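Numbering-wise (UniProt numbering), the sequence shown opens with residue 1 and increments by one. By construction, the Cβ of each residue, glycine as well, lies at the ideal position given by its N, Cα and C atoms. Please read all numbers here as calculations on a predicted model, not as lab measurements.
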Amino acid sequence: MYNNLMFSDDDIRRERERTFIPYYCDADTISTSSSRDIILDPAIHTGKDGVETTLKHGVAAYRNVLSEDTATDLRSWVMEKNKNHDITETYWFGVQTGKHREVLYPSAASHPSLIAALKELTSHALLVDTLEQLLGPNPAVFELSFITSYYGAAPQPWHQDLDKDHSEYGLTLAPSFSLFIPLQNTTEKAGASHFCPGTHFCTELDKEECDAHGFALVTDETNNFWKAGDGAMYSGRMYHRGGAHRDPHGPTRVLMIVSFTSRPLPHSEYRMPSLGTTWGIKYNMFGHTLQDLAHADTVMAQPWATLRAMGLYKLPGTDWGWDYVTLSIARMANLDPGFDDGDYEEFLKNGCGFVEDMETLPAWLIGDLEKYRSDEDKLFWEFGVETLDRLVNVTIYAYCAFLALYILVSIILGVLKICTKKKALTMNGEEHAGMKQNGNTKDTDSPTAAMNGSQSTRGKKNNDKNHSLPRLLLSFVLRISFLHIPILLMYIHVNNSISSSRWAHDINSNVLFKPPYPAHPFDHPDEDLFISYLRSVAAVRYIDVLFMTLLVPAPGSDGKNNAIARGNVEMNKLWGTIHEGNKEYYSLIEEFAPHNGDDESGISTTTPSILIHHAAKHIVQHIAVKSESRFFDPKRIW
């Protein structure tokens, strides 16, 4: 599974799995410079409108995600937490341009105001409908945080939350969207977030274009501020930034962030979670989904939250999100932020996301990093495996030592008990004999005395038998057996259940996270030459028409990327009057897509080459000359 997750530094694999051409953006890329074009009204807009707005601009705004009272109560709680600097609810990652900014990563069930806010969020029908059309039913939660910006906070640089080429791998990398909700009315001067719409496909971008055309979101034009409780959901690939807080009289800005990605497919997941992001969430909040937010006080409370985060157990009626273990392995395999060589010391210092200070552990319990520095690709993985092995071995040794000590102490106490009992019986016998020597035989000759003497003799024999060493050892063995046999039987049952599960089968058969495409049909003897050949695609302009030879009908797989490219939009305007051949081609594609592919996930593989050939012929002959556009698929120029 670990090798299947290695993607970032695998050049051959990256070229083979490309589904979208690198975009080099300029001013024409910016889709709008006005907040009006991205604001949706639940009274008139539907989830379809939300999807179209999000795909076109990379961001859509939603009114009244939280009520004013809920936003106010939640803000008060966050400000109080910031004062206390609760180490149990901070994470080992900060935020860009962190001076005068704080980040809080709480548990969802940690306060009634947060529970109420999450419930309101999930009841916003337009937002939820849009989100599920973009990412599929009940998407996974991968961020729950609050950023607080005080007066004096500098503007962040324009940035994407994901790797810049994330949009080029629609079947390999799962997409993600983040929801920003200010908890107070926020003006541009007080640090409102800035967005650069249309840049969510950009591999390269001159950020000065965002300086010129990007804007701070305004949802209340009358008062010119971003209203408390209104949300903006944007693609993690779109350029954005936190604004500077330059208003000495303005309120401290508190921003709630909840991020979502496609929920992992059961048994057949091939997509990796988003790379390049910091995953701003407390460790016990991993593994949860959108629907869980509506029941945070129960589903996301302890101990269920930690069990879900570790991938061990989920409550009936819930779905698995991305668990902490799987995500950590994926991030280790790709040297994601926080899991490369330079992050090792900070990783330990902050307790690997679990405890306050990992450095308090003895050195002999922690893996030896120096042994693995020569292989940076597996640095954290090897370190983690060795550390886990050491912890397991120490646990086994400690248990064996405890068991040996228990046996030794039990034997000593048993022997002492036997000796004490024998001594007591001996003393009683001597006392009885002394009474006879002193002539006190009045009662001993009676029948009752004879019977008592007989019973005393039998009792002594029984006591000797009950307190013999073999008897005590047998009792000890039975106690140990009664303690361990149920545990052993439970272990055998759980081990057999896991070993025979589909999950274990997927791992053992190398199905889980297996790359979505087979190896290239030919192996070139010169890998460098082969890679340079694959990279020989010309730079794509925004007016060019793009079409995919890889059909992606599943939600959350970025299959609609090409539909909103400007060249494609212009082509579609001409479609019905000029290009009957192409029209027929698209009808064939629509008919073919849902049935193409053999895997149980329903994801299609590749378009037949004859379809591609005829489509390319029609496109070049009928459209390219008229529109001055060029036509691309991810692998070749037509």
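Three-state class that DSSP yields for residue i in the structure shown
{"i": "residue 1", "result": "coil"}
{"i": "residue 477", "result": "helix"}
{"i": "residue 339", "result": "coil"}
{"i": "residue 218", "result": "coil"}
{"i": "residue 71", "result": "helix"}
{"i": "residue 320", "result": "coil"}
{"i": "residue 205", "result": "strand"}
{"i": "residue 239", "result": "coil"}
{"i": "residue 397", "result": "helix"}
{"i": "residue 61", "result": "strand"}
{"i": "residue 505", "result": "helix"}
{"i": "residue 484", "result": "helix"}
{"i": "residue 245", "result": "strand"}
{"i": "residue 383", "result": "helix"}
{"i": "residue 225", "result": "strand"}
{"i": "residue 470", "result": "helix"}
{"i": "residue 424", "result": "helix"}
{"i": "residue 513", "result": "coil"}
{"i": "residue 406", "result": "helix"}
{"i": "residue 44", "result": "coil"}
{"i": "residue 491", "result": "helix"}
{"i": "residue 366", "result": "coil"}
{"i": "residue 152", "result": "coil"}
{"i": "residue 391", "result": "helix"}
Spatial neighbours of residue i in its chain, beta-carbon cut-off 7 angstroms, leaving aside the 5 residues before and after
{"i": "residue 67", "result": "120, 229"}
{"i": "residue 513", "result": "1, 4, 5, 269, 270, 272"}
{"i": "residue 73", "result": "113"}
{"i": "residue 299", "result": "292, 315, 318"}
{"i": "residue 224", "result": "187, 218"}
{"i": "residue 45", "result": "126"}
{"i": "residue 310", "result": "323, 324, 325"}
{"i": "residue 102", "result": "82, 148"}
{"i": "residue 64", "result": "229, 230"}
Delimiting residues of the alpha helix (DSSP H) encompassing residue i
{"i": "residue 115", "result": "112-122"}
{"i": "residue 47", "result": "47-57"}
{"i": "residue 332", "result": "324-333"}
{"i": "residue 305", "result": "304-309"}
{"i": "residue 212", "result": "208-213"}
{"i": "residue 232", "result": "Looking at the DSSP string, residue 232 is not in any alpha helix (DSSP H); the run it does join, the beta strand (DSSP E), is 231-235."}
{"i": "residue 134", "result": "125-135"}
Run of the beta strand (DSSP E) containing residue i, from where it starts to where it stops
{"i": "residue 255", "result": "253-261"}
{"i": "residue 145", "result": "140-149"}
{"i": "residue 104", "result": "101-104"}
Own chain residues within Cβ distance below 6 angstroms of residue i, not counting five before or after
{"i": "residue 207", "result": "158"}
{"i": "residue 247", "result": "189, 190"}
{"i": "residue 331", "result": "339"}
{"i": "residue 140", "result": "261, 263, 289, 321, 322"}
{"i": "residue 10", "result": "none"}
{"i": "residue 71", "result": "183, 228, 229"}
{"i": "residue 405", "result": "none"}
{"i": "residue 277", "result": "161, 162"}
Same chain, Cβ closer than 8 angstroms to residue i, five either side skipped, listed in chain order
{"i": "residue 414", "result": "469, 472, 473, 476"}
{"i": "residue 138", "result": "132, 263, 289, 290, 291, 319"}
**Item:** the region 41-54 / the region 101-120 touching (three or more Cβ pairs under 8 angstroms)
**Value:** Short answer: they don't touch.
**Message:** Check whether the region 253-264 and the region 176-184 are in contact - that is, three or more C-beta pairs closer than 8 angstroms.
**Reply:** The region 253-264 and the region 176-184 touch, with no fewer than 3 CB-CB distances between them shorter than 8 angstroms.
**Message:** Across the region 160-173 and the region 194-211, are there enough close Cβ pairs to call them in contact, namely three or more that are closer than 8 angstroms?
**Reply:** Under the three-pair Cβ rule at 8 angstroms, the region 160-173 counts as touching the region 194-211.
**Asked** Taking the runs of the alpha helix (DSSP H) that are 4 residues or longer, which of them lie wholly in the region 260-295?
**Response** Whole alpha helix (DSSP H) segments, 4+ residues: 290-293.
**Length-filtered (3 minimum) beta strand (DSSP E) runs lying within the region 154-199** = With a minimum length of 3 residues, the continuous beta strand (DSSP E) runs that stay inside the region 154-199 are 176-182.
**Request:** Mind listing, in chain order, the continuous alpha helix (DSSP H) runs of no fewer than 4 residues lying wholly within the region 7-39?
**Result:** Taking only runs of at least 4 residues, the alpha helix (DSSP H) segments lying wholly in the region 7-39 are 11-16.
**Asked** Does the pairing of the region 121-132 with the region 318-330 give three or more beta-carbon distances under 8 angstroms?
**Response** Fewer than three beta-carbon pairs drawn from the region 121-132 and the region 318-330 are found closer than 8 angstroms, and the two stretches are therefore not classed as touching.
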